[in-house]
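Here is the structure we will look at.
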Amino acid sequence: MPAVGGAFLFGILSFDQPSLALSGAVATLAGAVPGALALRRLSLWKPADDSLTDTIRFFLVTFLVCAPAFALTAVAVASSTASLRGLPSFPLHAGLWLSSALGTLLLVPALLSLLDAPAAQPASSGDHRPGFDLPGMALACGVAFLSAMLARTGQPRDATLVLYLYLPIVIWVAIRTNERANALTLLASACIILSTSLVGTPGVADEAWRAIDVGALVIAAVIISHIVQALAADRMAALKRVARLAHEDTTTALLNDRGLLSVFGDLLVSPERPNLGLVGLTISNFESMTDLCGTIPAIQLEQSAATLLLGQPGVRCAARFSAGRYALVIDAETVAQVRSVARDIYANLNAQLFATANGNLRLQVCVGGLQIDRHALIDSEDCLAALTDALTIAASVREPQLFVEPLSQLMIDSRRELQVKIEHIREALHESRLELYAQPVVDPDAPPGMVSYEVLTRLRDRDGSLIQPPEFLKLAIKAQMSVTFDRAVVQRAFGWLASQPRNLARTHKCSINLSGATMSDGAFAEFVREQRLINGIPADRIVFEITESEAIRNPAAASRLVDDLKSQGFCIALDDFGTGLATFEYLKRFPLDYVKIDGSFIRNLTSNTIDEEIVMSTVRVARRLNLRTVAEHVHNESVHTRLREMGVVYLQGDLFGAARPIDSIFDQLAEPETPEPAVEEQVSDALTSRLI
């Protein structure tokens, strides 16, 4: 409507005939209404995803709907009025289409920006201050002045060429300013540039065509400016969206792990930080709930959990680490406040009933919490690591699975020391500071001059001292390095045997332990196959020991690994038998060669009748299944004698030799009386197959 009034006023002031003024006003309205309706229909058909799409639609509607409607309506109204007065009809001229398009391109964005329409003022624009870009206006005025001077001196072509400098000016303004400043600057500077078309040498015949050239140039500049502005706005919005997604979880709108580290880290380094509470929440059976209920209820549950966390008193921030795992930071002066929040979260979520098509499911929740003193010197990563420990403790206790404690400096220092040790282990594995030890095994099947032994490991620390197995094995499990460690042991043991063909020939059985995590590694069997071929190791000389507890925990994975290793020719032993409280059914499930009775049943064999009965039962069942029974931790002669009486002849323990460097296992061993061509042939065949 402002444009309609402006068109009518312009017609009254510029022409003697009111019909022309009326035609301009009616034509402006006739061009605006179809354009607005067309844009509305396009938006309903498919909403625009970005500013560039909106801009392109605006251009298309302007040139294909608004400008033609304006031109046709203006000609029709003016001609009909003229015919009533007996005047000649008003001709259809390209200038009408050009002037309508130019007016729409300049006025609509400027008017929308002045009205502060949301579409013209997105959050990505950054600067919301109205006004013009003064440097851009100054440059546009300079170009217009130079062009006018050239036109006055009779150089219209040079004057038009100078106006092309207006194009880089509008691009520069579009990149630097927001949508409002760009629209207003375009309107003002375009009027100044268009005014140069009125300046020229008297008597020049092509003044009308120069006006059309200037108008076309301004239209091109306006189109380029709006496209650049849209691209800049879309880029800024995309960058902010990426930055938000980098710190925000899309499912719950909470922070993610990176966002929590950033926000929580800023809290910890704040000079005025209060005492803080850190609460962790884990929904233990979330995966089961997802399988039974489906994705949508699972998402709704997570959003409900997020709402519950954000509703706690004194909330600073909340985060979702992964499915069913959350953290909450609150203001907490005492441990009691943290415990109160933790109990409220636990009471609202634990044992909550979900009805599914496959039955009802109750949530299982564990909550851990820490109270962080304002004077504690700690970073966000250490706090989250300590929270993980608290959640582990909470998961290990009975109902309620809830554990909250103050985070003392002693705990912080202890955890840092633990992390240093883990790094030492990781560094020792990376730098091949793994050393092989071995303990001999009494093996009646071993021919004269040959020995059976179990490979044990030691790690050499930076200072040259040895890290003992009870220390580094637990840390390797805690740091999830068990698979890496087992692979390093296999590679080192196979490499050592390949480099010692004399000791390989005197090896009857070499036992290597595998951890529980390795049993779930689907690529481990292929790794062993590659190492065997690379080093030319006869498979029947190697015994892989799997622990009973891990076989029970994941029998499917253990069965696959055992089958793969057996198919390659390796022997399999079930280690620590009896500690997993399993039935003898597991002896039938796996294709085993050895059963190693755990040392806890051997140490007190002569004084504990229960241990004696367990060992006797194991021996009887193993004999029925044609399995060799190995007794571990034989430490004195009385236990040795009793085991012999029970028929256990495969023995291992300090009574027969303590663990020592693997080279020394063969020091007291006599040379075999006759060479073993079979071993040499197996090694030769393995090397040949590797070369092939």
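For what it's worth, our numbering labels the leading residue of the sequence shown as 1, then goes sequentially. From the three backbone atoms N, C-alpha and C, an ideal C-beta is built for every residue, glycine too.
* To do: Would you check if the distance between the CB atom of Asp576 and the CB atom of Thr547 is smaller than 8 Å?
  => For the purposes of this step, residue 576 is identified with residue 576 of the sequence shown, where counting begins at 1. For the purposes of this step, residue 547 is identified with residue 547 of the sequence shown, where counting begins at 1. Cβ distance < 8 Å, so Asp576 and Thr547 count as in contact.
* Looking only at its own chain, which residues have a Cβ that is under 8 Å from the Cβ of Arg241, when we skip the five neighbours before and after it? -> Mapped onto the sequence shown, residue 241 falls at position 241. Around Arg241: no qualifying Cβ.
* **Rounded separation between Ile378 and Ser499 - CA only** => Within the sequence shown, numbered from 1, the residue matching residue 378 stands at position 378. Within the sequence shown, numbered from 1, the residue matching residue 499 stands at position 499. In a straight line, the C-alpha of Ile378 is about 49 Å away from that of Ser499.
* Could you give the C-beta distance for Ile227 and Thr55, rounded to a whole number, given that I count them as a contact under 8 Å? -> Locating residue 227 in the sequence shown gives position 227, where the first residue counts as 1. Locating residue 55 in the sequence shown gives position 55, where the first residue counts as 1. Under the criterion of beta carbons closer than 8 Å, Ile227 and Thr55 qualify as touching, at roughly 6 Å.
* For Cys66, is the classification buried or exposed, using 16 other Cβ atoms within 10 angstroms of its Cβ as the cut-off for buried? -> In the sequence shown, residue 66 corresponds to position 66, counting from 1. Here Cys66 is buried: its Cβ has 16 or more other Cβ atoms, across all protein chains shown, within 10 Å.
* **Three-state class that DSSP yields for Leu410 in the structure shown** => As a first step, residue 410 is located in the sequence shown; it is residue number 410 there, counting from the start. Leu410 falls in the helix class under three-state DSSP.
* Cβ atoms of Leu42 and Asp234: under 8 Å apart, would you say? -> Locating residue 234 in the sequence shown gives position 234, where the first residue counts as 1. Locating residue 42 in the sequence shown gives position 42, where the first residue counts as 1. Cβ distance not < 8 Å, so Asp234 and Leu42 don't count as in contact.
* With 16 other Cβ atoms within 10 Å as the buried cut-off, status of Asp667 -> What you label residue 667 is simply residue 667 of the sequence shown in a count that begins at 1. Exposed, by the Cβ-count rule.
* To do: Could you tell me the distance, in whole angstroms, from the CA atom of Gly314 to the CA atom of Phe63?
  => Start at 1 with the first residue of the sequence shown, and residue 314 comes out as number 314. Start at 1 with the first residue of the sequence shown, and residue 63 comes out as number 63. Straight-line Cα distance between these residues: approximately 57 Å.
* **Best match in Val639, Arg325 and Met519 for proximity to Asp563 [C-alpha to C-alpha]** => Locating residue 563 in the sequence shown gives position 563, where the first residue counts as 1. Taking only the C-alpha atoms, the option nearest Asp563 is Met519.
* Cβ-based neighbour list, Cys571, same chain, cut-off 6 Å, excluding 5 preceding and 5 following -> Stepping through the sequence shown from its first residue, residue 571 is reached at position 571. Excluding residues within five positions, the ones whose Cβ falls inside 6 Å are Val543 and Asp593.
* **Beta-carbon proximity of Leu281 to Ile219, cut-off 8 Å** => For the purposes of this step, residue 281 is taken as residue 281 along the sequence shown, with counting starting at 1. For the purposes of this step, residue 219 is taken as residue 219 along the sequence shown, with counting starting at 1. The answer is no: Cβ separation not under 8 Å.
* DSSP three-state call for Gly277: helix, strand or coil? -> Within the sequence shown, the letter at position 277 stands for residue 277. Looking at Gly277 - three-state DSSP - the assignment turns out to be strand.
* Asked: Among the residues of its own chain, which have a CB less than 7 Å from the CB of Gln229, if the five just before and after it don't count?
  -> Position 229 of the sequence shown holds residue 229. Hits under 7 Å: Ala174, Glu179 and Asn182.
* Provide the residue(s) that pair with Gln364 in DSSP beta bridges, ordered along the chain. => For the purposes of this step, residue 364 is taken as residue 364 along the sequence shown, with counting starting at 1. None, per the DSSP bridge assignment.
* Taking the C-alpha atoms as reference points, what is the distance between Trp45 and Ala38? -> Residue 45 sits at position 45 when you count from the first residue of the sequence shown. Residue 38 sits at position 38 when you count from the first residue of the sequence shown. Distance between Trp45 and Ala38, taken at the CA atoms: about 10 Å.
* To do: Can you check DSSP and say which residues form a bridge with Tyr326?
  => The count along the sequence shown starts at 1 and reaches residue 326 at position 326. Beta-bridge annotation (DSSP): Tyr326 is paired with Leu281 and Arg320.
* Residue span of the beta strand (DSSP E) that contains Lys596, given as start and end -> As a first step, residue 596 is located in the sequence shown; it is residue number 596 there, counting from the start. Note, Lys596: beta strand (DSSP E), Tyr594 to Ile597.
* Where Cys293 and Leu349 are concerned, what is the direct C-alpha to C-alpha distance, given to the nearest angstrom? -> If you number the sequence shown from 1, residue 293 lands on position 293. If you number the sequence shown from 1, residue 349 lands on position 349. C-alpha separation (whole angstroms): 17 Å.
* Asked: Residue range of the alpha helix (DSSP H) that Glu381 falls in?
  -> Sequence index remark: in the sequence shown, residue 381 carries index 381 (1-based). That run of the alpha helix (DSSP H) goes Ser380 to Ser396.
* To do: For my contact list, His635 and Leu605 are in at a C-beta cut-off of 8 Å; report their separation, rounded to the angstrom.
  => What you label residue 635 is simply residue 635 of the sequence shown in a count that begins at 1. What you label residue 605 is simply residue 605 of the sequence shown in a count that begins at 1. The Cβ separation is near 10 Å, so there is no contact.
* Count the other CB atoms within 10 Å of the CB of Gly142; is the residue buried (16 or more) or exposed (fewer)? -> Along the sequence shown, read from residue 1 onward, the residue named residue 142 stands at position 142. Flag for Gly142 reads exposed.
* To do: Leaving out five residues on either side along the sequence, give the residues of the same chain with a beta carbon under 6 Å from the beta carbon of Leu687.
  => Here residue 687 refers to the residue found at position 687 when the sequence shown is read from its first residue. A caution first: Leu687 carries a pLDDT of 37, below 50, which makes its placement in the model unreliable, though a value can still be read off. Contacts found: Gly536.
* Asked: Cα-Cα, which of Asn503, Ala138, Asp382 and Leu163 is closest to Gly215?
  -> Taking the sequence shown and counting its residues from 1, the one referred to as residue 215 is at position 215. Among Asn503, Ala138, Asp382 and Leu163, the Cα nearest to that of Gly215 is on Leu163.
* Is it true that the region 436-444 meets the region 406-422, where meeting means three or more beta-carbon pairs spaced less than 8 Å apart? -> no
* Is the beta carbon of Ser452 sitting closer than 8 Å to the one on His508? -> Along the sequence shown, read from residue 1 onward, the residue named residue 452 stands at position 452. Along the sequence shown, read from residue 1 onward, the residue named residue 508 stands at position 508. Their beta carbons are under 8 Å apart, which means Ser452 touches His508 by this criterion.
* Asked: For Gly31 versus Ala76, is the C-beta distance shorter than 8 Å?
  -> Within the sequence shown, the letter at position 31 stands for residue 31. Within the sequence shown, the letter at position 76 stands for residue 76. Taking 8 Å as the Cβ cut-off, Gly31 and Ala76 do not qualify as a contacting pair.
* Counting Cβ pairs, one atom from each stretch, are 3 or more of them under 8 Å apart for the region 458-467 and the region 487-495? -> no
* Asked: So does the region 363-380 actually touch the region 271-285, counting three or more Cβ pairs closer than 8 Å?
  -> yes
* Which listed residue (Leu102, Thr73 and Val26) has its alpha carbon closest to that of Leu60 -> Against the sequence shown, residue 60 aligns to sequence position 60. With distances taken between Cα atoms, Leu60 lies closest to Leu102.
* **Beta-bridge partners of Tyr437, as assigned by DSSP** => As a first step, residue 437 must be located in the sequence shown, where it is residue number 437. Its beta-bridge partners are Leu456 and Pro661.
* Can you tell me the Cα-Cα spacing of Gln303 and Asp249, whole angstroms? -> Numbered from its first residue, the sequence shown carries residue 303 at position 303. Numbered from its first residue, the sequence shown carries residue 249 at position 249. Going by the C-alpha atoms only, they are around 11 Å apart.
* Asked: By Cβ distance, which residues of its chain are closer than 6 Å to Asp257, with the 5 residues on each side in sequence left out?
  -> Start at 1 with the first residue of the sequence shown, and residue 257 comes out as number 257. If we look at Asp257 and ignore the five residues flanking it on each side, its Cβ neighbours are Phe321.
* To do: Evaluate Glu417 with the Cβ neighbour count: other Cβ atoms within 10 Å of its Cβ, from every protein chain shown; 16 or more gives buried, anything less gives exposed.
  => Numbered from its first residue, the sequence shown carries residue 417 at position 417. Exposed, since its Cβ has fewer than 16 Cβ neighbours within 10 Å.
* Asked: Can you name, in chain order, every residue of its own chain whose Cβ lies under 8 Å from the Cβ of Cys383, other than the five neighbours on each side?
  -> Counted from its first residue, the sequence shown places residue 383 at position 383. If we look at Cys383 and ignore the five residues flanking it on each side, its Cβ neighbours are Phe264, Leu268, Leu278, Leu370, Ile372 and Leu407.
* Would you check if there are 3 or more beta carbon pairs closer than 8 Å linking the region 624-644 to the region 474-482? => no
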